[in-house]
Amino acid sequence: MNFRTCKYFLTVCELGTINAAARKLFISQQSLSQHIRKLEAELGVSLFDVRPSGVNLTDYGQELYRRALPLIAEFDSLTNFVEELQTTPTGK
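Shown next, in the form of structure tokens:
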């Protein structure tokens, strides 16, 4: 699992549909579906129950979401911190 795929997974979880997540992520629905399928194959579990109205998390998906959310939030925080350091004048 890599950072991008983890972010993709979280976006699908938060928006509830692959189509809406693909639009938000500026990628095709097919590409996003492939990322999710590869993640499921890598983990050996199904993360979503796909329904006509959207997706629901399986028990495995819920656990991954619960554990991945703080990791991605911390990484985003670190990225923001580094960006602020680069744009904030320092020194005398």
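Residue numbers (this note's numbering): 921 to 1012.
Heads up, the beta-carbon is just placed ideally off N, CA and C, and yes, glycines get one too.
If you're wondering where the values come from, they're calculated on a predicted model, not measured in any experiment.
Limits of the alpha helix (DSSP H) - the one that residue i falls within
i, result
"G981", "979 to 1007"
Euclidean distance between Cα positions of residue i and residue j
i, j, result
"G964", "R943", "27 Å"
"S966", "R987", "16 Å"
"T931", "V1002", "23 Å"
"D979", "L998", "29 Å"
"S948", "I956", "13 Å"
"F968", "G981", "6 Å"
"G936", "E994", "23 Å"
Short Cβ contact (7 Å threshold) for residue i with residue j
i, j, result
"C926", "Y985", "no"
"I938", "S953", "yes"
Local conformation of residue i per DSSP, three classes
i, result
"F946", "coil"
"N922", "coil"
Assigned exposure category for residue i - 16 Cβ within 10 Å defines buried
i, result
"V975", "buried"
"A961", "exposed"
Host beta strand (DSSP E) of residue i (start-end)
i, result
"V970", "968 to 971"
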